[in-house]
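Under the UniProt record's numbering, the residue at position 92 of the sequence shown is numbered 92, and the numbers go up by one with no gaps.
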Amino acid sequence: MIENRICRNIEFDHLLFFAGMRFGSRKSWWGHGRPRPQSHEGLDLCFFVDRSGRYFRLDETVCVPAAFDSQVVAMIPDFLGTTVIAAHEVDNPTGRCLVLYAHITPEKGLHTGQRLEAGRCFARISGENKKRWLPPHLHLSMAAEENLPPLQRLDWPMVNRLDRNLFMNPEQILDSDFQVMEFIVRTDLYEAFVPVSSGGGHSGGPGAGKTGLCHETP
Ligand SMILES: [Zn+2]
């Protein structure tokens, strides 16, 4: 999915996650590493390694492709940009499955009702975080439409209060391998990872030598 949309001169190899980026985790991946008030209702995509072993982070130049043939059914604000909600019917006989693409900037003119072909770029990752406590990233959540409140009323305060069992794990739609890294508190992620648009990543990863990369390929 997103790995095909990165700069042409970087050969994507695999994604990197901190535990707190994964679905269901109570950990955070910013600042002091205080636990989340509730478990993570989705998956955060931000870091990856290229074929030469260089470490990068996504930035606001990266476009966001639709994971499925789908239709835009809502767009709501979130604390880092906009969330586009798209509905698809693939492999889900009981009803539509909704994918929430959060912290993005939709392309100009994107509107509710618009059809998205799988792979079509419809947004870029949002760069809105002036305080720099969390680098630009894509948050994905997935749920059956029947498990969520009516779309007209849906907003993030409401999503945050929902039972986490109503959501699905977006890792099932990734088409690349990943590794899980250990988060070291107070790491400046803007510094530790090179933005993809700069073209040249660090070898050896964030805080090379002190960050233990544990190889947990699913
Ligand atoms: Zn998230």
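We put the CB at the ideal spot given by N, CA and C, even for glycine.
Applying the criterion that 16 or more other CB atoms from any shown protein chain within 10 Å of the CB defines a buried residue, is residue i buried or exposed?
i, result
"E11", "exposed"
"A118", "exposed"
"R186", "exposed"
"H40", "buried"
"R34", "exposed"
"G81", "buried"
"K210", "Since pLDDT at K210 reaches only 32, below the 50 mark, its modelled position is unreliable, and no value is offered."
"P136", "buried"
Rounded to whole angstroms, how far is the Cβ of residue i from the Cβ of residue j, which I believe are closer than 8 Å?
i, j, result
"F23", "N169", "4 Å"
"H103", "F48", "Between F48 and H103 the Cβ distance is about 17 Å, and since that is not below 8 Å, they are no contact."
"T105", "R120", "In fact, because the Cβ distance is near 16 Å, the residues do not count as touching under 8 Å."
Please report how far the alpha carbon of residue i lies from the alpha carbon of residue j, in whole angstroms.
i, j, result
"V72", "K108", "14 Å"
"C63", "S126", "10 Å"
"I76", "L140", "14 Å"
"Q179", "C46", "12 Å"
"G53", "P65", "25 Å"
"W30", "W133", "7 Å"
"I85", "E191", "31 Å"
"F68", "A144", "14 Å"
Would you say residue i touches ligand 3, meaning its beta carbon is less than 6 Å from a heavy atom?
i, result
"V72", "Ligands in the displayed structure: ligand 1; ligand 3 is not one of them."
Within the 7 Å Cβ cut-off, does residue i reach chain B?
i, result
"F178", "Protein chains in the displayed structure number just one, and chain B is not present."
Closer than 6 Å: residues whose CB approaches a heavy atom of ligand 1: H40, G42, D44 and H139
Any chance you could list the beta strand (DSSP E) runs of at least 3 consecutive residues sitting entirely within the stretch 112 to 163, in chain order? Listed in chain order, the complete beta strand (DSSP E) runs (minimum 3 residues) inside the stretch 112 to 163 are 121 to 125 and 138 to 144.
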